[in-house]
Amino acid sequence: MMERLREGVNSIGVKIILSLIIFSFAFAGVGGYLAGGTEVPAAKVGDLEISRSQFEQAYQNERAQMQSQAGDFFSTMLSDPNYLAQFRRNVLDRMVNQSLLDQEADRLGLRVSDVQVKQSIREMPAFSNNGIFNNDLYLAALRRNGLSPDQFAEYVRQDMVREQLVNALVSSEFALEDELESLYKLEGQTRMVRTLTLPLSDFSDKAEITDEQKKAYYEQNPSQFVRPEQFKLSYVELTGSGVADVADVTEEEAEAYYDANIAAYGTSEQRKVSHIMIQGDDDAANEKAQAVLAELNAGADFAELAKTRSDDTFSAEQGGQLDWFDKGVMDPAFEDASFALVNTGDVTDVVQSDFGFHIIKLDEIKPSDAKPFADVRDEIIAQLKLQHAAEKFYALSNELAEKAFEMPDNLDDAAEAVNATVNKTDFIALNELSGALANPAVVQALQTPEVREDGLNSDIIEIAPEHVLVLRVDDVRPEAVRPYEDVEAQVTAMLKRQDGEKAADALANTLLAELNADNDAGVNASGYAFGAESEVSRVSPEREVVELVFTMPTPAADASEYGLTRAVNGDVLIVALDSVKEPATEEISLQSQMAERVARTTANADLNALIAQLKQKTEVTYSLDTAEQ
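Throughout the sequence shown, residue numbering follows full-length UniProt numbering, covering 1 to 629 in sequence.
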């Protein structure tokens with residue numbers, strides 16, 4: 001039973017989940033430094049508060065992660081205030097859910113040892129090189145994100161404890177055979193199709209557009225040819241990488257850090273024990289345990305008694321023996337009794353824990369083994385340089401903000417104060433901004449009256465952890481309709497495409513009607529033909545064809561069903577569905593991935609139900625309007 005509580009942290013799936021969660025929420029960077037002043041709770045979960053600075057830090061981390069994955073598309077999405085507010089609310093909701101799970105795990109007494117934390121870190125793909133843990137990669141990642149090894153280890157420990165609870169749900173779910181069969185038949189179905197393509201270019205190239213048509217379209221649709229408002233910008237940018245190499249660390253400082261954190265550089269004392277457990281918390285269970293202790297005192301063999309009398313069936317098979325553990329893993333009463341034993345072979349009196357009554361025998365002791373300072377000197381110096389660099393970046397960020405505020409009509413003094421340069425742009429529209437300037441916070445700053453109209457320097461803007469900038473608007477060019485001469489080619493292309501689409505659609509609809517009437521004479525005379533028959537599944541790359549054919553009825557024997565769709569490039573596709581193929585049911589047993597997916601879906605539903613239940617019995621209040629910036 002006690003071993004099962006720790007199974008969750010050894011699951012490969014859980015370790016993958018851990019790496020995602022930790023890198024999304026743990027890497028704080030300078031966000032933690034920039035948050036100052038009185039803490040205002042963003043939410044309260046039971047007796048625990050989620051401060052606004054904690055929320056903003058998590059929000060910035062997740063935003064940076066999404067930015068790296070989706071790039072400018074994500075920046076565009078965030079420019080919508082409604083989407084931004086919902087995104088921020090989703091981050092806060094996840095933090096609330098994590099707090100609920102943390103409190104439930106704490107109530108259940110779930111714990112993770114230092115050894116398990118270190119092993120989990122060593123197995124994270126982000127820190128491996130060709131499958132082998134690389135300490136330089138590990139330290140570099142922490143250095144880039146402003147974390148010490150101890151801080152990161154605590155984030156890992158917290159997530160591993162949480163995942164123990166989550167894994168209890170995940171590992172208990174399974175897929176029923178009929179459920180799997182239905183899903184397999186649905187997803188495994190394929191369809192045999194032929195496609196006739198009417199290229200848009202065949203029709204648009206033949207379209208003849210007059211000057212009168214072009215000018216009329218231009219005059220009737222001026223909004224389609226508007227050049228948006230443009231800005232000339234100046235900005236000063238500051239990044240953590242620019243100050244990371246200037247921090248010095250003395251030998252004395254490194255040695256003092258080692259002395260204060262010596263436990264981080266070795267394994268703590270571990271113990272291997274055997275136990276006999278009697279389940280229950282009443283007098284009867286206690287009396288039963290006392291009887292077993294009496295037999296031991298009378299000379300009975302501990303391992304044999306464990307096999308026949310212990311209620312912990314997992315360890316009983318091994319004569320009661322448990323795996324190595326250190327402090328902070330087991331139930332506190334069990335742990336205290338185990339570490340109180342002095343000599344190998346010593347046996348405790350009856351000990352009561354949350355699991356029942358135990359008799360514990362000490363089998364082996366593995367002493368703590370800290371690395372000498374010389375072995376970890378470089379690691380400590382790198383860590384202290386990281387801390388110094390973060391402090392330096394924080395100081396420079398404050399200096400940049402102060403100078404930009406004190407001299408609001410230029411950025412020269414601010415740039416000189418932080419040894420940076422003033423960058424300048426040509427006229428550029430908001431939707432053309434790229435890199436750091438595409439950040440939603442920059443777009444928002446450009447729309448404030450102080451920056452846009454009064455020409456003042458902006459407040460300091462955090463782009464990402466350890467990445468800030470200050471900007472100003474040098475000039476504004478109002479939006480205007482582009483001259484006809486500048487867009488004539490664009491108008492011509494648009495009108496040719498419109499006429500081409502109409503002509504292609506007209507021919508396609510005529511041919512489709514004839515085909516549905518079992519008449520292929522029109523196709524034969526058109527100069528176009530169906531391609532070779534191909535097999536299409538639900539995951540085939542031809543998305544337009546897939547979406548069409550899986551909505552079409554199954555054709556009769558020796559007949560075809562026909563439909564129309566349009567490709568992304570504008571080509572019109574006439575699709576012939578010739579037959580439908582069902583997967584063989586005897587292959588279902590081979591679809592282990594599908595079974596796991598069904599079980600995972602059910603487990604997610606169970607997790608959501610658990611969170612909903614925890615919310616019902618825990619008072620959760622939101623104090624922060626996530627639409628605020």
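Even glycine gets a Cβ: it sits at the ideal position worked out from N, Cα and C. Bear in mind that the values here come from a model prediction, so they are computed numbers and not experimental data.
Practice task
Taking Q158 as the reference, give the member of L196, Q103, L84 with the closest Cα.
Solution key: Q103
Problem - Other residues of its chain near S79: CB distance less than 7 Å, five sequence neighbours each side excluded - result: P440, V443
Handout entry: Alpha carbon of T565 to alpha carbon of E402, nearest angstrom
Key = 60 Å
Problem - Contact under 7 Å by Cβ, A404 with A420 - result: no
Practice task
Determine the DSSP secondary structure at L78, reduced to helix, strand or coil.
Solution key: helix
Exercise for the section: Let me know the secondary structure DSSP gives F427 once reduced to three states. Expected result: coil
Practice task
Identify, in the order they occur along the chain, each residue of the same chain with its Cβ nearer than 6 Å to the Cβ of K371, setting aside the five sequence neighbours on each side.
Solution key: Y265, G266
Handout entry: Neighbourhood of L137 by C-beta distance below 8 Å, restricted to the same chain and skipping five residues each side
Key = A126, F127, S128, N129
Exercise for the section: Count the other C-beta atoms from every protein chain shown that fall within 10 angstroms of the C-beta of F167, then say buried if there are 16 or more, exposed otherwise. Expected result: The question names Phe, but residue 167 in the sequence shown is Asn. Classification for N167: buried.
Practice task
Just the C-alpha distance for M77 and E212, rounded to the nearest angstrom, thanks.
Solution key: 39 Å
Practice task
Output the boundary residues of the beta strand (DSSP E) element that contains P41.
Solution key: 41 to 45
Exercise for the section: Give the DSSP bridge partners of S353, in chain order. Expected result: G356
Handout entry: Best match in I278, E317, A612, V351 for proximity to A303 [C-alpha to C-alpha]
Key = E317
Practice task
Name the residue from Y235, S113, L92, A43 whose alpha carbon lies nearest to the alpha carbon of N410.
Solution key: Y235
Exercise for the section: Could you name each continuous beta strand (DSSP E) segment of 3 residues or more that falls completely within the segment 507 to 579, going from the start of the chain to the end? Expected result: 534 to 536, 561 to 566
Exercise for the section: For A508, I'd like the list of residues in its chain whose CB is within less than 8 Å of its CB, leaving aside the five on either flank, ordered along the chain. Expected result: L198, L564, V572, I574
Handout entry: C-alpha distance - E269 paired with A141, whole-angstrom precision
Key = 29 Å
Handout entry: Same chain, Cβ closer than 7 Å to A333, five either side skipped, listed in chain order
Key = V351, Q352, S353
Practice task
For the beta strand (DSSP E) containing L384, list its first residue and its last residue.
Solution key: That residue, L384, is in no beta strand (DSSP E); its alpha helix (DSSP H) goes 373 to 406.
Handout entry: Rounded separation between A105 and G328 - CA only
Key = 14 Å
Problem - Alpha carbon of L147 to alpha carbon of K392, nearest angstrom - result: 15 Å
Handout entry: CA-to-CA distance, D281 to H275, given in whole angstroms
Key = 17 Å
Exercise for the section: Excluding the 5 residues preceding and the 5 following L196 in the sequence, name in chain order all residues of the same chain whose CB lies nearer than 6 Å to its CB. Expected result: Y528, F530, I574
Exercise for the section: Please report how far the alpha carbon of S201 lies from the alpha carbon of A557, in whole angstroms. Expected result: 36 Å
Practice task
Give the straight-line distance between the Cα atoms of R227 and F427, rounded to the nearest whole angstrom.
Solution key: 12 Å
Problem - Cut-off 8 Å between Cβ atoms - residues of its own chain near G37, not counting five sequence neighbours on either side - result: Bear in mind that a pLDDT of 38 at G37, under 50, signals an unreliable position, so the model cannot answer this.
Practice task
Look at Y484 and Y218 and say whether their C-beta atoms are less than 7 Å apart.
Solution key: yes
Problem - Reduced DSSP secondary structure (H/G/I, E/B, other) of G266 - result: strand
Exercise for the section: Sort K617, E62, G500 by Cα distance to L84 and report the nearest one. Expected result: E62
Exercise for the section: Report the residue ranges of all alpha helix (DSSP H) runs contained in full by the segment 478 to 512; include only those spanning at least 4 residues, in chain order. Expected result: none
Practice task
Find out if the Cβ-Cβ distance for the pair G522, L511 is shorter than 7 Å.
Solution key: yes
Practice task
Express the C-alpha separation of S623 and A612 in angstroms, rounding to a whole number.
Solution key: 20 Å
Exercise for the section: From the DSSP output, in three-state form, read off T421 for me. Expected result: coil
Problem - DSSP bridge partner residues for I365 (one or two, in chain order) - result: R271
Practice task
Taking only runs that begin and end inside the segment 73 to 141, name each unbroken alpha helix (DSSP H) of 4 or more residues, in chain order.
Solution key: 81 to 107, 114 to 122
Handout entry: Beta-carbon proximity check, D369 vs V273, cutoff 7 Å
Key = no
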